[in-house]
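Participant:
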Amino acid sequence: MILLFQAQPDATSSLISTIIMFLAIFLIFYFLIIRPQQKRAKEHQKLISSLKKGDKVITSSGIHGKVVGLDDKTVLIEVDDGVKIKFEKAAIAVVTREGQG
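The sequence shown begins at 4 in the working numbering and counts up by one.
Right under this line is the structure:
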């Protein structure tokens with residue numbers, strides 16, 4: 004009987020250790036998953052907002068072309084002589100400025 008009462012941990016210390024464990028897990032998720040994703044999204048938004056005519060771009064589907072027109076949400080890309088395709092700005096993955104090759 005005496006051993007049973009000694010084996011039970013204190014309820015408040017158990018609760019505190021559980022809260023600390025959940026906090027540690029949340030911090031790990033934040034620094035390894037959430038924060039880097041927010042940083043990438045912010046960089047992509049900056050890339051999209053800096054688009055201008057004449058930029059060479061690569062879309063997320065792998066299509067290479069040159070920006071010939073811009074709207075609020077869309078971009079017109081010339082992929083070949085006279086062939087123009089309209090894409091959402093969010094589909095732009097890489098921007099290469101005209102002078103960079």
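Positions of the beta carbon are idealized from the N, C-alpha and C atoms, including for glycine.
#1: Can you tell me where the beta strand (DSSP E) with Ile88 in it begins and where it stops?
#2: Any heavy atom of the ligand GDP within a distance shorter than 6 Å of the CB on Phe34?
#3: Using C-beta distances below 7 Å, list every residue in its chain close to Glu91, excluding the 5 sequence neighbours before and after it, in chain order.
#4: What's the call for Asp83, buried or exposed, on a 16-neighbour Cβ count within 10 Å?
#5: Tell me which same chain residues have a C-beta within less than 6 Å of the C-beta of Met4, skipping the five on either side of it?
#6: Span of the beta strand (DSSP E) holding Lys76?
#7: Would you check if the distance between the CB atom of Ala96 and the CB atom of Ile66 is smaller than 7 Å?
#8: Who are His67's beta bridge partners in DSSP?
#9: At least one CB of chain B closer than 7 Å to the CB of Ala93: is that the case?
#10: Taking the alpha helix (DSSP H) that Ala44 belongs to, which residues open and close that run?
Facilitator: Let me lay it out:
#1: From DSSP, the beta strand (DSSP E) with Ile88 extends over 86-91.
#2: The ligand GDP is not part of the structure shown, which contains no ligands of any sort.
#3: Lys76, Thr77
#4: exposed
#5: Note that Met4 scores a pLDDT of 47, beneath 50, so its modelled location is shaky and nothing firm can be said.
#6: Here Lys76 belongs to no beta strand (DSSP E), and DSSP marks it neither H nor E.
#7: no
#8: By DSSP's assignment, His67 forms a beta bridge with Ile61.
#9: Absent from the structure: chain B. Only one protein chain is present.
#10: 38-52
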